[in-house]
Each structure stands twice: as structure tokens, then as C-alpha cells.
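From first to last, the protein sequence lines stand for chains S and Y.
full-length UniProt numbering puts the first residue of the first sequence at 1, with every later residue one more than the last.
full-length UniProt numbering puts the first residue of the second sequence at 1, with every later residue one more than the last.
Virtual Cβ for every residue (Gly too), placed ideally from N, Cα, C.
No experiment lies behind these values; they were computed from the predicted model shown.
2 protein chains.
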Amino acid sequence: MDKVRIGILGLGNMGTGHARYLIEGRVEGAVLAAVSDVRSERLELAAQEWGTELKLYSTAEELFYSGEVDGVLICTPHYDHPQQAAAALKAGLHVLIEKPAGVYTKQVREMNEAAARSNKVFGIMYNQRTNPLYAKLRDLITSGELGEVRRTNWIITNWYRSQSYYDSGGWRATWAGEGGGVLLNQDPHQLDLWQWTTGMMPKRVRAFCSFGKHRNIEVENDVTAYVEYENGATGVFVTSTFESPGTNRFEISGERGKIVIENDKMTFWRLRVSETEFNATFKGGFGQPECWKFEIPVSDGGNHMGITQDWVNAILHGTPLLAPGEEGIRGLELSNAMLLSTWTDGWVDLPINEDLFYEKLQEKILSSDKHKDANSYETLDVKGTH
Amino acid sequence: MDKVRIGILGLGNMGTGHARYLIEGRVEGAVLAAVSDVRSERLELAAQEWGTELKLYSTAEELFYSGEVDGVLICTPHYDHPQQAAAALKAGLHVLIEKPAGVYTKQVREMNEAAARSNKVFGIMYNQRTNPLYAKLRDLITSGELGEVRRTNWIITNWYRSQSYYDSGGWRATWAGEGGGVLLNQDPHQLDLWQWTTGMMPKRVRAFCSFGKHRNIEVENDVTAYVEYENGATGVFVTSTFESPGTNRFEISGERGKIVIENDKMTFWRLRVSETEFNATFKGGFGQPECWKFEIPVSDGGNHMGITQDWVNAILHGTPLLAPGEEGIRGLELSNAMLLSTWTDGWVDLPINEDLFYEKLQEKILSSDKHKDANSYETLDVKGTH
């Protein structure tokens, strides 16, 4: 194979964005061959903008079995990702899914099982893993520069969304249409990075979600979660959509000091000797380890295209993926655990009880007065967002 | 009365510090007349350093009824504050107590009742209320500049304490000797400022304390607490004694923006119109309120002496106290609630169940293997600490 022929499912904001850079030939070894969307007006727009050579399909199945594509980029609504990914893999296609991996882990686990059986390249659009800030953080932690992690703290409240945003599509912020709120729509990158940069998943979660706070919506838009890790470390994750200006500050404290990422800058306060060693030998009462403050140089860059290129490289050259699709379940499990802890008003151990989460989610969908509109998918201009 | 004749109970670090500035005549309208300590060596040191005119007593009762003092500054171990304050008030003396107000709120409530009956001036050494940063924050919040508070978040992990510190006195970090750990010894100022600057006490608390983490002690030295306020706002308080370098960052998000105090600097991101108004009128989908960033000018200053002067002024001139003793119960109640939530592994509503807390504390004291040393009170050099 010289060129990977790519099909895009779903021409919403994300699908359209991916189509553009592929059409422009900016991903080496890839060509946009086909698109599918259930909305005929989106296909007409695609034909107008990108010409007549592009194959257009009104269903995913037609695209899968068209023989025109080697791989698909799945950019449909959240609920559809796992089922469509599994179907595409079954059809013998490579798959790259948009985040989140799905709405509930039970569904995503089935997708992962299909991927394991398929022998195809299965990726997820965790483009923030290409962000040099977070790549560097992962490097500093996994290489041992920070020592053992003792605390993580992410305040990510700069996902401001007005009522006008929520009102822009009947599916938005509904249990039936989207399956969740800030955790599922805005936070998937942070939830992934939280575990990917540290290399640690919590062993249990206690979280506190508010639903429709300061907004007329039914899903969660304000969350505080406390987590405990296997090694005794603790963590906090705070997120919301009604704070302006919000905060995006990720602090990780370890045996060898502290790293803070804020305002696109990384600062590392590094101890000359580890805290454990200092504590074991110091006899002076008050006093603490010698500490050096560094600004860690981080290059610019990182974007959606980087993940697509990485996936295409894996297809053509067998290189390992930066963001394997199977890892999408991790951030989603954190998100599901936070909702489940709120719904059950108690601790949630990981791995979560997938059946219980699914059951609770169905209850929310059934008791919703908004599921009638939830199949109305409109596309809003998202310049300046993710 | 021209001059308030002050007696100091307890010549540990704090008592000695207060004695020094009083001896130097730095508090107008006050004179140090007497000191008491159960440890004869501390009295001998006092006589050597401050001369023979100073009256020395080996018990608090002797000092109270000596006729030599008009008011007392109580700087004894935490457990003794409430009982000694009540006794001094009963003896007709004005009282200024060191923080914390006591170890459990039941005891402190009894002290407050004694104060209410006494008609004497009763203060607490919340010297951080004189810190212009926090005074300004309280001003900005209570005057409405920030609008309604929606979230509070205090990370106060810069209370580094080595094992050597904990080993410096048998009473330290024991249930019997001190009655608690970081919440009671290091955090009382922050717990007070958290409620004083915002003017809000939580209605319920869910907290997660670790005991003796990375240290050989029995009390809590690592805490994450989540709180909910009456108006729907939420808050987080994170504290520990083993992180180096720690963080001291207090963020308050409100309807009119956000204030952060960090590195002795206050930054105010202020919205041109309130978020509520923006949200009600904006129709553009994505977008958020216009925001202006200010560095709020804050003067230097604020110290222990300021509280002593304020208390002396109240005695001499009837001026209102900046830190009334009765308010000491608030920060203590937060501290007690955090421990109780951990011990019961559940929510704690405020006001807390005082009897239950007292009962649980007694269980900890009885099951401790360290209460034998808990009456050994030594004085460690605390230069550079509070």
C-alpha cells in the first residue's frame, strides 16, 4: 500500500476539520477517498467544497463495504463510536475514532475486544498526547525525574459554555443524545492525560457532580473528584463549564519535587535529594530539602493532524501508535466512575461495575424529558475550541 | 485604666515571642506584668532575660488571682486553651487565646458561653486576619466586587515537617498531647481565613485524611476535603506536611470573575458584566464575558503584634475586635468535621455532632500507643515558622 485511502464518518465539526487537512495533502501517505453522513446537506456541502472525485455515502455500512477505503476516521456522535468502530474493524478496515471512546465502558470494552480480534490498526484521536507540554511531563514522570508521584491536582474549569451553546443542538447535554456533560464532551483529553502523563490509574474514586448548575441542561457541568492510587498517592480533578475566566492548572507533587503546568508553561521545582532521603537523615527540627526551580523548555506544536499521521504511519510502516484505541477506555472509566460515585453517593472502586453504570445511565435516559430532541444533530461553528 | 497589665500563660515559642515585643513596649497601652509556666526552667529563663519586676507563677490559677494583671494571653498547649480561658474570664480577666481555640468544639462552645456571660474582651490570635492580602480579599468579596462565590479552592501543602520535627517533643502529633495533626497545628489560620474572607461556612463536608503518611506519627498529615455551601457553591481544601516544596494557592471563583492569591500576590480577573447577565443575554454559541486582569495592590504588614494591639485597644477604648475569640470555633469546626468525615467514611453536616466527635477522639487517645509521652512539652526553636 502506497497511500492509505481514508473514509470519514460524520461531517460535523471534527469530521470537517479532518477532511480539510487530508484534502490539502498534509498527511503524508494518506488520501481522503470517501465520506459518509446521514444528513444529505452535509454531503452536498462536501461535494461542493472538495469536488466530485470524493465518494459520498449516506450510511456507514455502504462506506465500509465500498472497497474505496483502507481505513476510517469515526467522527459521529459519542454513542456511535464503539459500534461503528467494531463494524469497520469487522469489515477489515483500520480505524481511528474521535474522543470519547464511547459513553459507557461496557460498550467500549466490546469495541476493544473486536479490535483485539481484528489485527487492524486501531487509534483514538487523543491529539493532546502530541502536545509537547504533556509529552514532556510524561517523560519527566516515567523516567523518574519527579520520583514517585504523591499527589495530582488538576483544576480544569476553563470550558466555559453559555446557555446559547447548549441550546444550539437538541442532542447537546442530554443523556440520550450525548450521554453526559463536561466529563464526556469537554474533558476527555484531560482525563486521558491525567492517567497517561502519570502512568497511574486510581484504585478508587469519590466524586461530586452537579447537574445543570447555572444552566438549563440535565447532565453534569460541575465536578469535583477525589481519587486514591495504589501507591498511596491522592488526586483531585475539578471541572466546570460556567466559570469565566476558568483555570487550567495541573500540579503533580512527587518525591523529588513538584511540576506545575499552567498558562502553557511548565515549571519544575526539583529537590537536590529526594524528600524521602532528606527526611530520613535530617536532624534539625525545622528545615526542608534544597530545591531548584526550573522552567522546562517545551517546543510548540501538537495537533489533530499529528495523531492522524501517526495512525497512517502505523498502517504503512507498522510503527507503534502514540494513542492506541484500546486506551480510550481509561479516561472514559474515570468519567463513568465520577458519575457513578455521585449517583450512588459513595466510593467507586476501579475497574467499575460496568453493568451498574449502564443501568443507571438508562434510568437517566428514561426519566429525561429531553430525549425527544436528542436525535437532532446540528453542527455549530467551533472556531477556537476543541 | 491607662495600661493593660498583661499576663502570659505558657512560655513556649509563641508565649516567648509575645513576651518579647511586650517587654520592648511595642504594644501601645500594654505592659507585660506576669508570666506563668509549669516548667521552672522556663520561668528562670524569663527572669534572666526580662528582669526581676516581672511576676512569675508556676500555675495559671495563681496568676489569675494575683491582682497583678488585667488580661491574659493564653499560649499553653491546645487542649488547655478553652478551660484556661473560661477560668480567666471567670476571674474577671480579659482574654486573648492562641490558635487553635481548642481541640474539639464541645469544649470551645463551653468557653464561648463563659465569654458571653463575662462581659470581658475575648480575642483569638488570628494574626493572619491582619495580613493585608486576606483583609483585601475579604473586602473584595464582602463588598460584592467578586459577585456571588461559586467555588473556593485552597491548596496549602507548604507546611513541610520532617520526622525530626515530630520527634522533637513527645506531645507532638499525638492524639493525647496535641489532639490532631496538620489541621490543628499548622492550618488553623487557613481554616479561619477560608471562612472569614468568603463570609461562608460550608453546610456539609466530605473529607479524606491520611494518618502518619510518610512519617512515623499517629495523627493526620495529609487531607483533601470537599465542601458544599448553602448557596450551591463548592470548595476544596488540600493540605499536607510531607510535600517539598509545597504550594499555597487560594482561588475563589465568583459571578464576577476569579481571584487567586499565590506567592504573596493577589490577581483579580474581573468580568465586565456578571457571568449570569452574560449568559442570559448572549446568543452566539461559543464566546464568554469580557474579562480584565488586575494585579490588586496590597500593602505590606500584618503580624501577631497587630492582634495584641487590637485586643488592647478594645480593652482600653471599646473598639470592635478584628478577631473575636468566639469565632475560633469556626475553623475548629471545619477541622473537626474533616476528621469526623474520615472516621465515619461519610458526609458530615454542619454544625457537627460534637458528642460524636468527642467520643471518636477519646477512642483515638485510648487506642494510641503514644499517650505516655504526650505530657512531655518541649520548646523547639521555631525561627521562620508560625
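From the DSSP output, in three-state form, read off residue i for me.
i	result
residue 391 (chain S)	Lying before the first or after the last residue shown, residue 391 (chain S) is absent from chain S, which here runs from 1 to 386.
Asp187 (chain S)	coil
Val205 (chain S)	strand
Thr152 (chain S)	strand
Ile352 (chain Y)	coil
Tyr358 (chain Y)	helix
Pro324 (chain S)	strand
Asp222 (chain S)	strand
Arg39 (chain S)	coil
Trp171 (chain Y)	coil
Trp311 (chain Y)	helix
Trp269 (chain Y)	strand
Glu61 (chain Y)	helix
Lys55 (chain S)	strand
Glu277 (chain S)	helix
Ile6 (chain S)	strand
His386 (chain S)	Bear in mind that the predicted position of His386 (chain S) carries a pLDDT of just 43, short of 50, making it unreliable; the figure below should be weighed with that in mind. Coil, per DSSP.
Using the C-alpha atoms, what's the distance from residue j back to residue i?
i	j	result
Gly301 (chain Y)	Glu326 (chain S)	56 Å
Asp349 (chain Y)	Asp192 (chain Y)	18 Å
Phe237 (chain S)	Ser118 (chain Y)	47 Å
Leu63 (chain S)	Asp355 (chain S)	32 Å
Ser66 (chain Y)	Asp37 (chain Y)	15 Å
Gly254 (chain S)	Gly180 (chain Y)	25 Å
Met1 (chain Y)	Leu332 (chain Y)	34 Å
Thr142 (chain S)	Thr198 (chain Y)	40 Å
Lys265 (chain S)	Gly318 (chain Y)	52 Å
Lys213 (chain Y)	Asn221 (chain Y)	7 Å
Tyr229 (chain S)	Met200 (chain S)	7 Å
Pro351 (chain S)	Pro100 (chain S)	18 Å
Ser240 (chain Y)	Trp194 (chain Y)	17 Å
Pro245 (chain Y)	Lys370 (chain Y)	29 Å
Ser58 (chain Y)	Pro132 (chain Y)	38 Å
Gln190 (chain Y)	Glu262 (chain Y)	13 Å
Arg20 (chain Y)	Ile296 (chain S)	46 Å
Asn112 (chain Y)	Asn153 (chain S)	38 Å
Thr267 (chain Y)	Lys136 (chain Y)	11 Å
Leu22 (chain S)	Ala233 (chain Y)	45 Å
Ser168 (chain S)	Gly285 (chain Y)	7 Å
Val35 (chain Y)	Trp196 (chain Y)	32 Å
His81 (chain Y)	Ala60 (chain Y)	11 Å
Gln84 (chain S)	Asp187 (chain S)	22 Å
Tyr79 (chain Y)	Val103 (chain Y)	6 Å
Ala337 (chain S)	Ser368 (chain S)	21 Å
Ser335 (chain S)	Val108 (chain S)	13 Å
Given residue i, which residues of its chain have a CB within under 8 Å of its CB, disregarding the five upstream and five downstream residues?
i	result
Cys75 (chain Y)	Ile8, Leu9, Gly10, Leu11, Gly12, Met14, Gly15, His18 and Glu98
residue 423 (chain S)	The requested residue 423 (chain S) does not occur in the structure, where chain S is confined to residues 1 to 386.
Excluding the 5 residues flanking residue i on each side, which residues of the same chain have their C-beta closer than 7 Å to its C-beta?
i	result
Gln163 (chain Y)	Arg215 and Asn216
Thr385 (chain Y)	Confidence in Thr385 (chain Y) is poor, its pLDDT being 45 and thus under 50, which makes the residue's placement unreliable; the coordinate value appears in the next sentence. There are no such residues.
Lys383 (chain Y)	Annotation note: pLDDT 48 at Lys383 (chain Y) (below 50); position unreliable, coordinate value reported separately. No residues qualify anywhere along the chain.
Leu146 (chain Y)	Leu140, Ile252, Gly254, Arg256, Gly257 and Ile259
Thr247 (chain S)	Ile155, Thr157 and Asn158
Ala323 (chain S)	Gly123, Ile124, Tyr126, Arg129 and Ile307
Glu275 (chain S)	Glu255 and Pro289
Val182 (chain Y)	Trp159, Glu220, Asn221, Val223, Thr239, Ser240 and Thr241
Ser299 (chain S)	Pro132
Under 6 Å from any heavy atom of the ligand SAH, does the C-beta of residue i make it?
i	result
Trp159 (chain S)	The ligand SAH is not part of this structure, which contains no ligands at all.
Closer than 6 Å by C-beta to residue i: which residues in its own chain qualify, once you throw out the five before and the five after it? Chain order, please.
i	result
Val227 (chain Y)	Pro202, Val205 and Gly235
Ala114 (chain S)	Ala86 and Leu89
Trp50 (chain Y)	Ile23
Legend entry - Cβ-based contacts, 9 Å cut-off: residues of the segment 230-241 of chain Y near chain S: Gly232, Thr234, Gly235, Val236, Val238 and Ser240
Inset, instruction - Residues of the segment 262-296 of chain S with a CB closer than 8 Å to any CB of chain Y: list them in chain order, please. - result: Trp269, Leu271, Glu275, Thr276, Phe278, Asn279, Ala280, Phe282, Lys283, Gly284, Gly285, Phe286, Gly287, Gln288, Pro289 and Cys291
Inset, instruction - Evaluate the contact criterion for the segment 203-219 of chain S versus the segment 342-357 of chain S: three or more CB pairs, one atom per stretch, below 8 Å. - result: yes
Inset, instruction - Indicate whether the contact test is met: 3 or more Cβ pairs, each with one atom in the segment 175-186 of chain S and one in the segment 353-367 of chain S, closer than 8 Å. - result: yes
Legend entry - Near-chain Y residues of the segment 140-155 of chain S (beta-carbon distance less than 8 Å), N- to C-terminal order: Arg150, Arg151, Asn153 and Ile155
Inset, instruction - Give a yes or no on contact between the segment 74-93 of chain S and the segment 107-125 of chain S, applying the rule of three or more CB pairs nearer than 8 Å. - result: yes
Legend entry - Residues in the segment 174-208 of chain S having any Cβ partner in chain Y nearer than 8 Å: Arg206 and Phe208
Inset, instruction - Note down, in chain order, all residues in the segment 70-94 of chain S with a beta-carbon under 7 Å from any beta-carbon belonging to chain Y. - result: none
Inset, instruction - Could you run through the segment 321-351 of chain S and flag, in chain order, every residue whose CB is less than 7 Å away from some CB of chain Y? - result: none
Legend entry - Chain-ordered residues of the segment 2-20 of chain Y with a beta carbon less than 8 Å from chain S: none
Inset, instruction - Compile a chain-ordered list of the residues in the segment 211-232 of chain S whose CB is closer than 8 Å to at least one CB of chain Y. - result: Lys213, His214, Arg215, Asp222, Thr224, Tyr226, Glu228 and Gly232
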